[in-house]
Amino acid sequence: MFEARLVSSSTFKKILDAVKDLLNEASFDCSESGIQLQAMDNSHVSLVSLMLRSDGFDKYRCDRSLTMGMNLANMAKIFKCANNDDTVTIKAQDDADTVTFMFEAKKQEKISDYEMKLMNLDQEHLGIPETDFSCVIRMPSPEFARICRDLSQFGESIVISCTKEGVKFSTGGDIGTANVKIAQTNNFDKEEESVTIEMQEPVTLTFACQYLNSFTKATPLAPQVQLSMSDNVPLVVEYQIPDLGHLRFYLAPKIED
Amino acid sequence: HSKQKSILDYFKSD
Chain A
3 MFEARLVSSS TFKKILDAVK DLLNEASFDC SESGIQLQAM DNSHVSLVSL MLRSDGFDKY
63 RCDRSLTMGM NLANMAKIFK CANNDDTVTI KAQDDADTVT FMFEAKKQEK ISDYEMKLMN
123 LDQEHLGIPE TDFSCVIRMP SPEFARICRD LSQFGESIVI SCTKEGVKFS TGGDIGTANV
183 KIAQTNNFDK EEESVTIEMQ EPVTLTFACQ YLNSFTKATP LAPQVQLSMS DNVPLVVEYQ
243 IPDLGHLRFY LAPKIED
Chain B
61 HSKQKSILDY FKSD
């Protein structure tokens with residue numbers, strides 16, 4: 003028996019919104035420790051990794067580990083039927099071929115349930131090596147979204163360059179070039195608005211705008227985003243889901259031909 | 061010109 007209850011279904015709505023550009027379907031691996039999802043986008047350029055810890059749920063029970071393959075568009079249709087402040091309970095029997103989502107209104111005046119067929123997905127699981135990153139940047143997530151959106155008007159790639167002085171986002175194309183520089187802030191009382199840079203070595207890497215823009219669909223999940231970079235390894239874009247877990251996107255860099 | 065690498069160039073199957 004698997005059962006996971008979360009007071010606010012809006013968290014799931016936000017997660018689905020954040021990944022649906024990249025993934026059509028994905029396996030949710032449920033175990034005692036929580037719910038995990040790892041999946042590559044169709045072109046194998048990026049990887050989505052979601053972790054929702056069992057202790058972050060209001061109720062969590064997982065007698066036996068199970069993997070639930072789900073079509074994310076259909077899952078999104080179901081969550082559209084829930085109000086943001088509805089409580090959601092996800093239930094499945096051991097070895098079941100369906101999963102049930104139950105939504106309860108705050109005052110229990112409305113209870114609805116939706117049963118969805120599960121899919122057998124043959125998804126390969128990738129080992130992600132532990133990396134000490136050369137640069138770790140934390141900045142307001144809406145600011146990162148804004149920069150990606152603004153720069154993608156001018157080019158297909160964004161060069162992210164991190165030094166002690168700050169982070170520079172650059173692009174160029176037929177129109178010309180664009181540069182946005184972000185400096186570390188000294189604003190300690192407003193953590194959500196702060197920019198912090200931990201740098202061991204300066205790093206400059208190039209990434210496809212299309213993917214960065216997709217990742218920023220996760221902005222409503224967290225006020226801050228963390229960008230981790232090292233030479234010649236994928237960028238990690240991480241959104242912490244308060245008290246529940248994280249959503250990470252890995253993106254392979256572009257390299258000179 | 062730059063070339064897009066695949067995530068599989070970095071992360072291998074478990």
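Protein chains in written order, with my numbering: chain A, 3 to 259; chain B, 61 to 74.
Beta carbons: idealized from backbone N, C-alpha and C, even for Gly.
- Message: Is there a C-beta anywhere in chain B that falls below 8 Å from the one on SER48(A)?
- Response: On the first sequence, position 46 is the one that residue 48(A) refers to. Chain B contact via Cβ: present.
- Item | Neighbourhood of LEU214(A) by C-beta distance below 8 Å, restricted to the same chain and skipping five residues each side | Here the question's residue 214(A) lines up with position 212 in the first sequence. Here the set comprises CYS150, SER154, ILE160, VAL239 and LEU253.
- Message: If the criterion is Cβ atoms closer than 8 Å, does the pair LEU123(A) and LEU74(A) meet it?
- Response: The count along the first sequence starts at 1 and reaches residue 123(A) at position 121. The count along the first sequence starts at 1 and reaches residue 74(A) at position 72. Cβ distance not < 8 Å, so LEU123(A) and LEU74(A) don't count as in contact.
- Message: Measuring only the C-alpha atoms, how far is GLU34(A) from ALA6(A)?
- Response: Sequence index remark: in the first sequence, residue 34(A) carries index 32 (1-based). Sequence index remark: in the first sequence, residue 6(A) carries index 4 (1-based). Between GLU34(A) and ALA6(A), the C-alpha separation is close to 11 Å.
- Contact with chain B by ASP259(A), beta-carbon distance below 8 Å: Sequence index remark: in the first sequence, residue 259(A) carries index 257 (1-based). Yes, ASP259(A) lies at the interface with chain B (some Cβ there is under 8 Å from its Cβ).
- Between the Cα of ALA180(A) and the Cα atoms of LEU246(A), GLY58(A), THR89(A) and GLU158(A), which residue gives the shortest distance? Position 178 of the first sequence, counted from the first residue, corresponds to residue 180(A). Nearest of LEU246(A), GLY58(A), THR89(A) and GLU158(A) to ALA180(A), Cα basis: GLU158(A).
- Considering only the beta carbon of each residue, do SER11(A) and ALA84(A) sit closer than 8 Å? Along the first sequence, read from residue 1 onward, the residue named residue 11(A) stands at position 9. Along the first sequence, read from residue 1 onward, the residue named residue 84(A) stands at position 82. Cβ atoms of SER11(A) and ALA84(A): closer than 8 Å.
- Item | Identified DSSP bridge partners for LYS93(A) | The residue labelled residue 93(A) in the question sits at position 91 within the first sequence. Paired residues: GLU5(A) and THR102(A).
- Query: What is the DSSP secondary structure of LYS192(A), reduced to helix, strand or coil?
  - Reply: The residue given as residue 192(A) occupies position 190 in the first sequence. LYS192(A): coil per DSSP, three-state reduction.
- What residue does the beta strand (DSSP E) around MET121(A) start on, and which one ends it? Position 119 of the first sequence holds residue 121(A). Neither: MET121(A) is in no beta strand (DSSP E) and is coded neither H nor E.
- Query: Using a beta-carbon distance below 8 Å, is ALA20(A) in contact with chain B?
  - Reply: Taking the first sequence and counting its residues from 1, the one referred to as residue 20(A) is at position 18. Cβ-Cβ to chain B under 8 Å: no for ALA20(A).
- Going along chain B, which residues have a C-beta under 8 Å from SER159(A)? In the first sequence, residue 159(A) corresponds to position 157, counting from 1. Within 8 Å Cβ-Cβ: SER62.
- Query: Taking the alpha carbon of MET118(A) as the point to measure from, which residue in ILE130(A), ASP87(A) and ASN76(A) has its own alpha carbon closest?
  - Reply: The residue given as residue 118(A) occupies position 116 in the first sequence. Residue ASN76(A) is the option with its Cα nearest to MET118(A).
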